[in-house]
Each structure stands twice: as structure tokens, then as C-alpha cells.
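Below: the structure, in C-alpha cells.
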Amino acid sequence: MSKPYSRFAAWRAQHAAACRSSLLRLLRRPFSSLLSLCVMAIALALPLALAWSLLQLDRMAETVQASRAINVFFLPEVGVEEAKAIGAGLNGDARVAKLTLKTPEQGLAEFRQSSELAKAVSLLGKNPLPCVLVIEPADADAMPLVQRLQALPKVEFVQYDGVWQQRLNAWMALGQRLLLLLGALFALGAVLAVANNVRLDIAARELEISVLQQLGAGDAYIRRPFLYSGALLGLLAGVLALALLMVSARYIQPTILELIGNYGGGFRFSPMPLAFPAAILAFAVLLGITGAWFAAGHHLRQTRPVDL
Amino acid sequence: MTLLRFDGVGKTYPGGHRALDDLSFGVQAGEMLFITGHSGAGKSTLLKLAHLSERPSKGAVWFDGKNLNQVRGGRVALHRRRLGVVHQDHCLLLDRSVQDNVALPLLIAGLAPDEIRQRVHHALESLGLAGRSKDLASALSTGEQQRVGIARAMATQPALLLADEPTGNLDPGLASEIMQMLVGLCAQGTAVVIASHDLALVKRMRKRVLVIDNGRLMDDISPEDLADE
Chain G
58 MSKPYSRFAA WRAQHAAACR SSLLRLLRRP FSSLLSLCVM AIALALPLAL AWSLLQLDRM
118 AETVQASRAI NVFFLPEVGV EEAKAIGAGL NGDARVAKLT LKTPEQGLAE FRQSSELAKA
178 VSLLGKNPLP CVLVIEPADA DAMPLVQRLQ ALPKVEFVQY DGVWQQRLNA WMALGQRLLL
238 LLGALFALGA VLAVANNVRL DIAARELEIS VLQQLGAGDA YIRRPFLYSG ALLGLLAGVL
298 ALALLMVSAR YIQPTILELI GNYGGGFRFS PMPLAFPAAI LAFAVLLGIT GAWFAAGHHL
358 RQTRPVDL
Chain P
3 MTLLRFDGVG KTYPGGHRAL DDLSFGVQAG EMLFITGHSG AGKSTLLKLA HLSERPSKGA
63 VWFDGKNLNQ VRGGRVALHR RRLGVVHQDH CLLLDRSVQD NVALPLLIAG LAPDEIRQRV
123 HHALESLGLA GRSKDLASAL STGEQQRVGI ARAMATQPAL LLADEPTGNL DPGLASEIMQ
183 MLVGLCAQGT AVVIASHDLA LVKRMRKRVL VIDNGRLMDD ISPEDLADE
């Protein structure tokens with residue numbers, strides 16, 4: 058046989074033939090292909106939905122992060138000057154990044170702006186709000202500072218939202234671990250769905266594969282159309298999973314916004330980053346190729362001549 | 003030049019069936035050799051060993067100076083690309099066209115599309131199938147399918163062509179025609195090894211004949227001896 062020439066043209070011809078063949082295979086078994094496609098899409102969509110939810114929660118956590126200030130509420134009889142004096146005693150503490158005194162008048166003005174109870178408050182004869190020290194802690198762990206503030210004289214109550222943040226962070230960490238676990242499990246499911254589809258395809262094409270092997274086709278040549286099938290299945294499943302995610306998000310967003318609105322929150326859903334769909338499609342294609350690789354590799358190992 | 007050599011080759015299948023026993027012979031480049039014997043004598047096993055569809059249990063098969071026992075992994079496919087194979091049941095892909103079937107080994111070998119077209123056209127024309135190149139293989143008669151199988155093997159211009167009962171499904175006239183094509187291939191330097199139990203055809207061809215019985219080489223008859231008989 059003469060030596061192969063124009064390697065690129067030959068390579069292109071082989072890939073074109075493999076691609077055409079894999080597309081025909083999928084179209085010849087539409088029901089089986091559609092089933093695999095749906096299984097893979099759902100397997101991708103579930104961890105995607107969880108990832109999207111975590112993304113939103115992360116944004117909420119950032120809001121909490123912004124309000125990790127410590128509010129020190131004095132007893133009602135403590136006047137502004139006395140509160141200033143107590144606050145001045147904290148200026149030398151390295152754990153205090155910033156200290157602001159909020160007078161009862163300032164507090165009332167804020168209250169009127171942000172609460173539906175403002176009218177009711179204005180009906181009261183006198184301002185019921187106390188002086189408040191608003192302290193931004195310098196350290197991530199503000200609990201030692203909170204304990205010192207609680208021990209200050211004439212302090213009625215110390216409010217620290219950082220506790221909520223810590224709890225939220227713990228939930229987020231749990232969510233991320235769950236995402237990883239579920240993602241890995243569903244990714245495995247997607248790989249198996251493709252592998253099963255390819256295995257069925259291989260079983261239906263056993264004679265063809267045998268003929269190709271007899272004619273000198275190597276593992277790469279035999280595997281190639283199945284890899285294209287896997288990649289194609291992965292790509293379509295990725296598109297379907299993204300579509301499912303978008304439809305689900307659109308369906309559920311108004312309900313969540315209404316729920317948050319009832320609690321007086323001004324939260325808005327963040328749009329999906331542009332790289333997200335591209336990464337999902339690339340990942341889905343990779344999963345498809347992996348599944349096809351395993352199924353085709355298993356068959357190829359079984360059909361090799363028995364060695365000495 | 004000895005292209006193919008069996009050196010004390012034995013083959014015992016799992017289960018204990020001994021298909022070949024201490025078989026030794028050589029085939030020259032451009033030589034035509036018939037392997038004959040009754041059904042189950044070991045003819046097909048012999049071809050499988052040369053094709054690396056099976057491995058010998060003992061001894062060695064040498065091809066073009068290489069011990070095939072040492073050909074492993076991806077190199078098995080490379081070895082097969084140097085061979086042409088013709089089966090009794092022709093092993094065509096029935097859902098593909100005649101030209102696609104003939105082009106298959108050329109595509110596998112990585113030839114450029116232009117050369118593939120040229121070789122397919124030439125092979126089909128020389129076997130009288132040019133007019134049916136676009137037909138599906140399933141639409142052909144058994145004889146035509148066999149000719150496509152031969153065209154496919156010839157198109158690769160192999161160093162060695164292995165044919166297992168290539169005329170088993172054909173009428174005598176067509177069988178002779180195909181044999182003449184294989185003789186033509188030998189003239190171009192291809193060694194042709196044909197397993198056949200059609201003694202009449204074997205005698206008519208007057209080529210070297212190996213007679214195998216129960217996996218043992220019983221006789222190695224030269225063309226001259228055959229002519230004398």
C-alpha cells in the first residue's frame with residue numbers, strides 16, 4: 058500500500074466520516090437517544106439549580122456581611138453626652154475599627170423613613186429610642202469585643218448580626234459541600250447514561266466494528282464516532298439543562314421575591330454570568346465524551362486478540 | 003523473498019481443541035498458495051493466525067521479517083492494514099454503498115480523499131462493478147457482494163491477501179473469473195493465500211497447494227507436481 062499523503066486531508070476525511078456516522082446513529086435510534094438526552098439533561102439541571110441557588114445565597118450573605126456592625130443600645134436614661142463619654146473609652150481598643158454615636162433623634166428619623174410603624178411612633182409623646190453606639194469591628198471574630206461591650210455600664214442590649222452571618226456561612230459551607238457531592242453523583246449519572254446509550258449503539262453495530270477491526274481500524278478509529286456521539290449527546294443535554302434551569306428560575310423567581318418582600322428585603326436576583334452557560338456546555342460535552350470513552354474502551358478491550 | 007513464514011506453529015483453543023500442530027511453511031511475495039483440507043482441518047485458523055485474529059499456542063508466525071507474536075496493541079491494526087482479507091460471507095457493511103465499502107480500508111489507512119476515489123474507481127472497474135458503485139451492498143447478488151469484497155481487498159494493494167473460501171458461494175464460471183483476478187494481483191507482487199476445499203478449482207489453478215489434516219501439514223504440492231498429477 059502506498060504511503061499516506063496529505064495527512065490533514067486524510068485526518069479531516071476520517072473525522073468527517075466519524076461525525077456523519079455518529080449523527081446518523083443518533084437519528085436512527087431517536088427514542089433511545091432522546092431518553093439518554095433527557096436523563097443527562099436532568100442530571101445536569103439539578104446540580105445546576107443548586108449552584109444557582111447558592112450563587113443567590115452568596116449574594117445575600119454579602120448583604121449580611123455589610124451589616125456586621127455591632128449596635129450597643131444604652132438604657133433610656135443615658136443622655137447623649139454620657140453615651141459619648143462611654144464611647145470615648147472605647148477609642149483606644151484595637152478591635153474597634155470605627156465608632157459612631159447615633160442619637161435618639163437620628164434613630165427616630167431613620168425609623169420614620171424605613172418602617173411602616175413611623176406614624177404610630179409619631180403619636181407617642183416623647184422619643185422612646187435610646188442612644189446607640191454603632192461599632193464596626195476590626196477583626197473577623199468580633200465575639201470578644203461583643204463580650205466587652207456587654208460588660209459596659211448602662212448598656213441595655215448589644216446586637217451583633219455577625220452571629221447570623223456565621224450561621225449563614227455555616228449553611229453556605231454545607232450547601233457547597235452538598236453541591237459538590239450531588240454534582241459528582243449526577244455527573245456520574247450523566248456519564249452512565251451516555252455510556253449506556255453508546256453501549257446499546259455498540260451492541261447494534263458489533264458486526265460493523267468487527268469488520269472495521271479486520272480491515273485494520275485501530276482503537277482510535279473505532280472509538281471516534283462514539284466519542285462524537287457522546288459529545289453531541291452532552292452538548293444537546295447541556296442546552297436542554299440550561300433551558301430547564303432558565304424556565305424553572307423564571308417560574309420560581311416571582312414567588313421568592315414576593316416572600317423576601319414580605320420581610321422588607323430589597324433583594325434582587327443576580328443575572329447568570331456569561332461564562333456560566335459556556336462552562337456548563339463544555340462540562341456536558343466532557344461528560345458525554347467520558348461516558349462514550351468508557352463504553353467504547355470496554356468493548357475494544359474485549360475484542361482484542363487473545364495474547365500469549 | 004519469504005513474506006509469510008509459519009515456524010513450528012501450534013494452536014490449541016481454550017477447551018483443548020487442537021486446531022494446528024507443528025505447522026511450518028513459507029510463502030514468497032507474489033506467490034499464490036492454496037490451503038486445502040476437509041472441514042475443520044485448521045485452514046481458517048491458519049489464516050486467523052496470519053491476520054492476528056488469533057495467537058499461536060506455540061511456535062511463531064513471521065511476516066515480512068517480523069515475529070507476529072511480538073506485535074501487540076495498536077500495532078495489530080497496522081499489521082492488518084498491510085493485508086487484504088476476503089471472506090466466504092464477504093463481511094460487507096450492507097447499509098452502505100458499494101463504493102463506501104471499498105473505500106473503507108483506504109479511509110482507515112489514512113489515504114487522502116482523491117487517492118481513495120481513484121483507487122475505488124479502479125478496483126470497481128476491474129471487477130465490473132463500476133455501474134453499481136452507488137448501490138447499497140444489500141441490493142447486490144451474492145456473487146456481486148463477493149466481488150465487492152475482493153475489490154475492497156484489492157484496493158488496498160496489500161502485501162498479502164488472505165482469502166477464506168472466496169468462491170464458496172459462486173458458480174464455477176464466476177469462481178474462475180475471480181481466481182484469474184487474484185492471479186493478476188499476484189503478478190503485481192501480492193502474495194495470495196487461499197483456503198479452499200474445492201479440489202477441482204485448486205487443481206485447475208495449478209498453483210502450490212498445502213494439504214492439512216487435523217491441524218498437521220500432510221503435503222506441500224508444487225505447481226509442477228500438480229501438473230504431473
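If you read the protein sequences in the order shown, they are chains G and P.
The end of the first sequence is residue 365 by the numbering used here, with every number in the run present.
The end of the second sequence is residue 231 by the numbering used here, with every number in the run present.
Note that CB positions come from ideal geometry on N, CA and C, so glycine has one too.
query                                                                                                                                                                                  : result
Could you give the first and the last residue of the continuous beta strand (DSSP E) run that contains D24 of chain P?                                                                 : 20-30
Does the distance from the C-beta atom of F272 of chain G to that of P107 of chain P stay below 8 Å?                                                                                   : As written in the sequence, residue 272 of chain G is Leu, which differs from the Phe given in the question. The answer is yes: Cβ separation under 8 Å.
What is the residue span of the beta strand (DSSP E) that M34 of chain P lies within?                                                                                                  : 34-38
Looking at the unbroken alpha helix (DSSP H) that takes in V268 of chain G, where does it start and where does it end?                                                                 : 263-271
Could you give the residue range of the beta strand (DSSP E) that holds R218 of chain P?                                                                                               : 218-223
Between which two residues does the alpha helix (DSSP H) containing P201 of chain G stretch?                                                                                           : 200-207
Of the residues P:D9, P:T158, P:E179, P:P174, which one's Cα is nearest the Cα of D23 of chain P?                                                                                      : P:D9
Going along the chain, which residues of the stretch 182-205 of chain P sit with their C-beta nearer than 8 Å to a C-beta in chain G?                                                  : none
Less than 8 Å between the CB atoms is what I'm expecting for S177 of chain P and V122 of chain P, so what's the real figure, rounded?                                                  : Rather than Ser, the amino acid found at residue 177 of chain P in this sequence is Ala. Wrong, their Cβ atoms sit about 24 Å apart, outside the cutoff.
Taking only beta carbons into account, state which residues of the stretch 245-257 of chain G come closer than 9 Å to chain P, listed in chain order.                                  : none
Under 8 Å by Cβ, that's how I've got G39 of chain P and R7 of chain P pegged, so tell me the actual separation to the nearest angstrom.                                                : With a Cβ gap of about 20 Å, G39 of chain P and R7 of chain P do not count as contacting.
Determine, using beta carbons only, whether E265 of chain G comes closer than 8 Å to chain P.                                                                                          : yes
For chain P, is any of its Cβ atoms less than 8 Å away from the one on L365 of chain G?                                                                                                : Bear in mind that a pLDDT of 36 at L365 of chain G, under 50, signals an unreliable position, so the number given afterwards is only what the model happens to contain. Taking Cβ atoms only, chain P reaches closer than 8 Å to L365 of chain G, which makes this a yes.
With respect to the alpha helix (DSSP H) encompassing E139 of chain G, which residues constitute its N-terminal and C-terminal limits?                                                 : 137-145
Exposed or buried, F65 of chain G, counting other C-beta atoms within 10 Å across all chains shown (16 or more means buried)?                                                          : exposed
Buried or exposed: which applies to I259 of chain G, given that a residue is buried once 16 or more other Cβ atoms fall within 10 Å of its Cβ?                                         : buried
In chain P, which residues lie less than 8 Å from L80 of chain G when you measure between Cβ atoms?                                                                                    : Near L80 of chain G there are no residues of chain P at all, since even the closest Cβ is about 15 Å away, more than 8 Å.
Do you know how far the Cα of P187 of chain G is from the Cα of F131 of chain G?                                                                                                       : 6 Å
Can you list the alpha helix (DSSP H) stretches of 4 or more residues lying completely in the stretch 276-344 of chain G, in chain order?                                              : 276-319
I'd like the list of long-range same chain contacts for D115 of chain G, defined as Cβ closer than 8 Å, with 5 residues on each side in sequence excluded.                             : M229
Anything in chain P within Cβ reach of Y308 of chain G, meaning under 7 Å, just list it in chain order.                                                                                : Under the 7 Å cutoff, chain P gives no residues; its nearest Cβ is about 45 Å from Y308 of chain G.
Report the residue from P:G191, P:Q147, P:D215, P:G217 whose alpha carbon sits nearest the alpha carbon of Q30 of chain P.                                                             : P:G191
Can you list, in chain order, the residues of its chain with a C-beta nearer than 8 Å to that of I279 of chain G? Leave out the 5 residues immediately preceding and following it.     : I266, L269, Q270, A353, L357
For V212 of chain G, write down the residues that DSSP places opposite it in a beta bridge.                                                                                            : G:F131
Taking H92 of chain P as the reference, give the member of P:N103, P:Q148, P:L184 with the closest Cα.                                                                                 : P:Q148
Following the continuous beta strand (DSSP E) through A132 of chain P, name the residue where it begins and the one where it ends.                                                     : Run containing A132 of chain P: none; DSSP gives neither H nor E here.
Residues of chain G with CB closer than 8 Å to the CB of P107 of chain P, please, in chain order.                                                                                      : L272, G273
Would you call R69 of chain G buried or exposed, if buried means 16 or more other Cβ atoms sit within 10 Å of its Cβ?                                                                  : exposed
Return the chain-ordered list of same chain residues with a C-beta closer than 6 Å to the C-beta of M34 of chain P, the five sequence neighbours on each side being excluded.          : C188, V194, K209
For chain G, check one thing: does any of its Cβ atoms lie closer than 8 Å to the Cβ of R82 of chain P?                                                                                : yes
Leaving aside the five residues before and after F66 of chain P along the sequence, list all residues of the same chain whose C-beta is less than 7 Å from its C-beta, in chain order. : The displayed chain sequence assigns Asp, not Phe, to residue 66 of chain P. For D66 of chain P, where only same-chain residues beyond five positions count, the Cβ hits under 7 Å are L5, A161.
Looking at Q159 of chain P: is its Cβ nearer than 8 Å to the Cβ of L126 of chain P?                                                                                                    : no
Skipping 5 residues on each side, what residues in its chain have a beta carbon closer than 8 Å to that of D364 of chain G?                                                            : Low confidence applies here, because D364 of chain G scores a pLDDT of 48, under 50, leaving its location unreliable; read the following figure in that light. Closer than 8 Å at Cβ, skipping near neighbours: no residue.
Could you list which residues in chain G have their beta carbon closer than 7 Å to that of A79 of chain P, in chain order?                                                             : G273, A274, G275
DSSP state of G151 of chain P, grouped into three classes?                                                                                                                             : helix
A139 of chain P to V150 of chain P, Cα distance in whole Å?                                                                                                                            : 8 Å
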